[in-house]
Amino acid sequence: MLDDKKLNLLLCITGSIAAYKSVDLARLFIKNNFDVRVVMTEASKEFITPLTLQAISGHQVHENLLDTEAERAMGHIELAKWADLIVIAPCSAETISRLAQGRADDLLGAIILASEAQKFIAPAMNMNMWSNQTTQQNVEYLSSIGMDFIGPSKGEQACGDNCYGRMSEPVEIYETIILTQNKPLAGKKIIVTAGPTREQIDPVRFISNNSSGKMGFAMAEAALRSGAEVILITGPVSLSCSPKIKRLDVQTADEMYREAQSSMSDADIFIGCAAVADFKPAHENIQKIKKTDKDRLNIQLQKNIDIISSLAREYTDKRFMGFCAETESVEEHAKSKLIKKGLDFIVANDVSKSDIGFDSDYNEVSVFTDNSHQFFQKASKSLLAIQLVNLLSQDNQSLH
Ligand code: PMT
Numbered sequence: 002m003l004d005d006k007k008l009n010l011l012l013c014i015t016g017s018i019a020a021y022k023s024v025d026l027a028r029l030f031i032k033n034n035f036d037v038r039v040v041m042t043e044a045s046k047e048f049i050t051p052l053t054l055q056a057i058s059g060h061q062v063h064e065n066l067l068d069t070e071a072e073r074a075m076g077h078i079e080l081a082k083w084a085d086l087i088v089i090a091p092c093s094a095e096t097i098s099r100l101a102q103g104r105a106d107d108l109l110g111a112i113i114l115a116s117e118a119q120k121f122i123a124p125a126m127n128m129n130m131w132s133n134q135t136t137q138q139n140v141e142y143l144s145s146i147g148m149d150f151i152g153p154s155k156g157e158q159a160c161g162d163n164c165y166g167r168m169s170e171p172v173e174i175y176e177t178i179i180l181t182q183n184k185p186l187a188g189k190k191i192i193v194t195a196g197p198t199r200e201q202i203d204p205v206r207f208i209s210n211n212s213s214g215k216m217g218f219a220m221a222e223a224a225l226r227s228g229a230e231v232i233l234i235t236g237p238v239s240l241s242c243s244p245k246i247k248r249l250d251v252q253t254a255d256e257m258y259r260e261a262q263s264s265m266s267d268a269d270i271f272i273g274c275a276a277v278a279d280f281k282p283a284h285e286n287i288q289k290i291k292k293t294d295k296d297r298l299n300i301q302l303q304k305n306i307d308i309i310s311s312l313a314r315e316y317t318d319k320r321f322m323g324f325c326a327e328t329e330s331v332e333e334h335a336k337s338k339l340i341k342k343g344l345d346f347i348v349a350n351d352v353s354k355s356d357i358g359f360d361s362d363y364n365e366v367s368v369f370t371d372n373s374h375q376f377f378q379k380a381s382k383s384l385l386a387i388q389l390v391n392l393l394s395q396d397n398q399s400l401h
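Sequence positions in the sequence shown follow the working numbering and run 2 to 401.
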């Protein structure tokens with residue numbers, strides 16, 4: 002619990018099949034010493050009963066804007082003032098739209114307008130409703146006025162679709178909020194590398210790999226939530242990140258190294274999540290290589306600089322977390338890289354598995370230090386990133 006002060010959390014539930022997960026979310030907060038009150042919209046009651054939430058929270062559930070009983074106990078203004086945090090989970094497309102319009106014709110809308118509490122939104126809806134331009138514009142607007150979106154995640158939905166729109170798991174919502182509140186790495190500067198590098202063979206061909214950047218971007222977002230200043234150096238990917246992250250786009254390993262080197266002197270932690278190409282063509286052809294009658298084409302490769310290893314040897318006062326992508330003997334290779342590269346942590350993932358690692362939204366990792374081994378079971382990359390940033394903050398505390 003944050004500084005041992007019992008925080009007041011207002012959990013708002015809207016109309017979505019994911020409403021059943023709110024019970025677990027409420028439980029998690031209560032178990033961790035939050036005082037939880039619940040607001041339910043009319044539509045949410047089609048999915049879960051107020052009685053369930055009353056039993057879990059130990060308080061009467063708030064349902065109506067104009068309710069004489071509620072006004073005598075806790076009306077919308079009192080609830081708005083009472084809350085230290087407001088979490089809308091699940092938050093439907095309808096509610097997102099109403100919030101963007103500033104509607105105050107139901108209890109939830111009125112509380113959101115009246116409250117100065119920090120507000121978190123965990124969307125849940127069909128994938129097309131989520132990707133719809135109107136919803137995305139509403140999300141962008143609400144984010145710009147300080148509402149903090151958690152998820153949605155990718156996965157199987159109640160309607161049978163499998164894409165973004167699923168409410169994030171309660172534990173992810175909980176851990177994200179705790180990290181955002183506690184900010185254990187405030188004042189620290191963290192450099193994260195992400196994505197593949199691209200080593201040009203000629204103007205139209207290159208050597209690269211399957212890294213999507215998802216793991217590295219998740220690490221950067223988690224580092225930002227932990228209060229750190231974050232520099233994200235990324236190879237070519239099709240992802241966006243928070244405007245609060247300083248993003249540097251690069252193509253090659255050499256460029257990635259140069260950017261990292263120039264930000265390193267006042268950094269505290271380096272996280273190497275990028276899948277850096279180990280080799281680059283020894284000579285880059287200025288013109289496109291022409292097809293000839295020969296069956297073979299020889300391209301000579303030369304070793305790229307090992308970015309994380311060079312930096313770890315030069316900056317011995319900083320902490321280094323490397324990732325390693327393995328397809329066999331994961332533990333053995335990970336431990337050997339930890340030592341060879343001079344790292345403090347190595348995060349090993351088995352990229353031979355198709356449901357984790359490269360381009361998946363999920364991962365499963367083992368973290369090795371010189372005297373410990375910790376396994377993190379399969380979870381979304383965003384949740385894993387939070388768990389890994391928590392590891393870094395424990396390490397940071399133990400150093401002081
Ligand atoms: O991007 P995603 O699709 O989300 O996939 C995530 C991931 C699988 C790419 C990620 O989790 C991961 O494993 N990243 C590291 C991949 C890798 O390059 O592993 P490696 O074992 O080759 O390298 C070990 C470490 O050395 C890494 O920190 C790497 O960034 C670093 N390295 C490697 C080579 C090099 N020339 N310079 C480096 O700094």
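Cβ coordinates follow ideal geometry from the N, Cα and C atoms, glycine included.
> Measuring CB to CB, does A84 end up less than 8 Å from L11?
Replying inline: Going by C-beta atoms, A84 is nearer than 8 Å to L11.
> Start and end of the alpha helix (DSSP H) containing A335?
Replying inline: Taken as a continuous stretch (DSSP letters only), the alpha helix (DSSP H) holding A335 covers 331 to 341.
>> Does the segment 378 to 394 come into contact with the segment 362 to 370, if we say contact requires no fewer than three beta-carbon pairs (one atom in each stretch) closer than 8 Å?
In response: Verdict: yes, contact present.
> Which whole-angstrom value describes the C-beta separation of T136 and A94, a residue pair presumed to lie in contact below a C-beta threshold of 8 Å?
Replying inline: 5 Å between Cβ atoms; contact.
> When the distance is taken between beta carbons, is A275 closer than 8 Å to I246?
Replying inline: Their beta carbons are not under 8 Å apart, which means I246 does not touch A275 by this criterion.
>> I want to check one thing, is the minimum distance from the CB of S213 to the heavy atoms of the ligand PMT below 7 Å?
In response: Answer for S213: yes, Cβ within range of the ligand PMT.
> If you draw a straight line from the C-alpha of L400 to the C-alpha of A268, how long is it?
Replying inline: The C-alpha of A268 is placed about 16 Å away from the C-alpha of L400.
>> Using only the alpha-carbon positions, how far apart do E117 and I387 sit?
In response: Approximately 26 Å, taken between the alpha carbons.
> Which residues bound the beta strand (DSSP E) around H374?
Replying inline: Run containing H374: 374 to 381, per the beta strand (DSSP E) assignment.
>> At the level of alpha carbons, what is the spacing between R226 and G161?
In response: Their Cα atoms are separated by approximately 32 Å.
> Contact between the segment 160 to 175 and the segment 198 to 210: three or more CB pairs below 8 Å?
Replying inline: As far as the Cβ criterion goes, the segment 160 to 175 does not touch the segment 198 to 210, which means the pair count is below three.
>> I'd like to confirm something about G110: is its beta-carbon nearer than 7 Å to some heavy atom of the ligand PMT, or not?
In response: No, since every heavy atom of the ligand PMT falls outside the 7 Å radius drawn around the Cβ of G110.
> Excluding five sequence neighbours on each side, which residues of the same chain lie with their C-beta closer than 7 Å to the C-beta of K184?
Replying inline: Around K184: S227, G228.
>> In this structure, how does DSSP classify S169 when only helix, strand and coil are distinguished?
In response: Three-state DSSP puts S169 in coil, outside helix and strand.
> How big is the Cα-Cα spacing for D345 and M265?
Replying inline: Going from the Cα of D345 to the Cα of M265 covers about 16 Å.
> Using the rule of at least 16 other Cβ atoms within 10 Å of the residue's Cβ for burial, across every protein chain shown, is S63 buried or exposed?
Replying inline: Looking at the sequence itself, residue 63 is His, so the reference to Ser does not match. Buried, by the Cβ-count rule.
>> Whether or not the segment 115 to 134 and the segment 142 to 150 are in contact is what I'm after, with contact meaning three or more pairs of Cβ atoms, one per stretch, closer than 8 Å; do they touch?
In response: Three or more beta-carbon pairs drawn from the segment 142 to 150 and the segment 115 to 134 are found closer than 8 Å, and the two stretches are therefore classed as touching.
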